[in-house]
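These protein sequence lines map, in sequence, to chains A and B. Numbered according to our numbering, the first sequence spans residues -17 to 99. Numbered according to our numbering, the second sequence spans residues 37 to 146. Even for Gly, the Cβ is constructed at its ideal location relative to N, Cα and C. First the structure, in the form of structure tokens, and then the observations on it.
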Amino acid sequence: EPEVTQTPSHQVTQMGQEVILRCVPISNHLYFYWYRQILGQKVEFLVSFYNNEISEKSEIFDDQFSVERPDGSNFTLKIRSTKLEDSAMYFCASSDNRAGYLNTEAFFGQGTRLTVV
Amino acid sequence: TQLLEQSPQFLSIQEGENLTVYCNSSSVFSSLQWYRQEPGEGPVLLVTVVTGGEVKKLKRLTFQFGDARKDSSLHITAAQPGDTGLYLCAGGNYGQNFVFGPGTRLSVLP
């Protein structure tokens, strides 16, 4: 069964360092998302991406964050200068159609646990 | 912005009991998804409900979408320890993302 895969599963980084989280969405999906979940808290939307550009972003997704689809399969989230409060699980998701359209479903990866020390 | 609320926030029951958890919004959604999340893992899609009043069954789990498509419920019959986890509802925002409720954390004790 097709699945969303994320690497690495766990990343430890020093405050101020840049990190890149990688995702391979389901191959025939066109809409991609990043979410984060701080330990014990809600799943929060960061950004959605379609047709090689950002569709929507939340207030969390500030200038320190960027996304890219460098080739036909990968979808990356970069945090330029990490802060302690960026520590969270980061989930990538994909869907075959846009959110809110009929019964469109999002499928999630297993997540990357980012720890900023 | 469309928001989803879930209740109860926490639920601890004995194996074999039945339970219902709820997902509510003041907004209409074209569909709602239910996910289950285990610690340290990503949300796993259980079901999508689309039509107002729709009922879907997945083994011992029964999902219902409200007639007005603003709320949904998940009923588990004869809960088992393997049902333990965080149950999340999510809906497609009439924008470009999926919005999640805060979840119900279920603990089924043997």
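Asked: Could you tell me the alpha carbon to alpha carbon distance between S109(B) and Q(-4)(A), rounded to whole angstroms?; Found: 43 Å
Asked: So, do the stretch 126 to 145 of chain B and the stretch 20 to 32 of chain A have three or more beta carbon pairs nearer to each other than 8 Å?; Found: yes
Asked: If we ignore side chains and look at the alpha-carbon of each, how far apart do E50(A) and A114(B) end up?; Found: 46 Å
Asked: With a floor of 4 residues, list each alpha helix (DSSP H) that falls wholly inside the stretch 80 to 129 of chain B, ordered by position along the chain.; Found: none
Asked: Rounded to the nearest angstrom, what separates I8(A) and S76(A) at their Cα positions?; Found: 7 Å
Asked: In chain B, which residues lie less than 9 Å from N34(A) when you measure between Cβ atoms?; Found: Ordered by position in chain B, no residue passes the 9 Å Cβ test against N34(A), which lies about 14 Å from the chain.
Asked: Tell me T(-11)(A)'s beta-bridge partners as DSSP assigns them.; Found: R4(A)
Asked: Does V135(B) get closer than 8 Å to chain A when you measure Cβ to Cβ?; Found: yes
Asked: Any beta carbon of chain B sitting closer than 8 Å to that of L96(A)?; Found: no
Asked: Hey, would you say S67(B) sits closer than 8 Å to N85(A), going by beta carbons?; Found: yes
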